[in-house]
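Participant: Residue numbers (my numbering): 10 to 45.
Heads up, the beta-carbon is just placed ideally off N, CA and C, and yes, glycines get one too.
Quick one: the structure is below, and I'll ask about it shortly.
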């Protein structure tokens, strides 16, 4: 489970780098797959 604070910081960094929200969602899905 990813902490909300971690997700917020990830989103902030991603927006700075110019990633779209869908890209972040895809990335989080991959992380969850590896953790489970």
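Is it true that the CB of residue 40 sits closer than 8 Å to the CB of residue 20?
Facilitator: Going by C-beta atoms, residue 20 is not nearer than 8 Å to residue 40.
Participant: Can you check which of these residues, 31, 24, 25 and 37, is closest to residue 13 by C-alpha distance?
Facilitator: The option with the nearest alpha carbon to residue 13 is 37.
Participant: On the DSSP letters alone, give me the boundaries of the alpha helix (DSSP H) that residue 19 sits inside.
Facilitator: 13 to 26 is the span of the alpha helix (DSSP H), which, as asked, contains residue 19.
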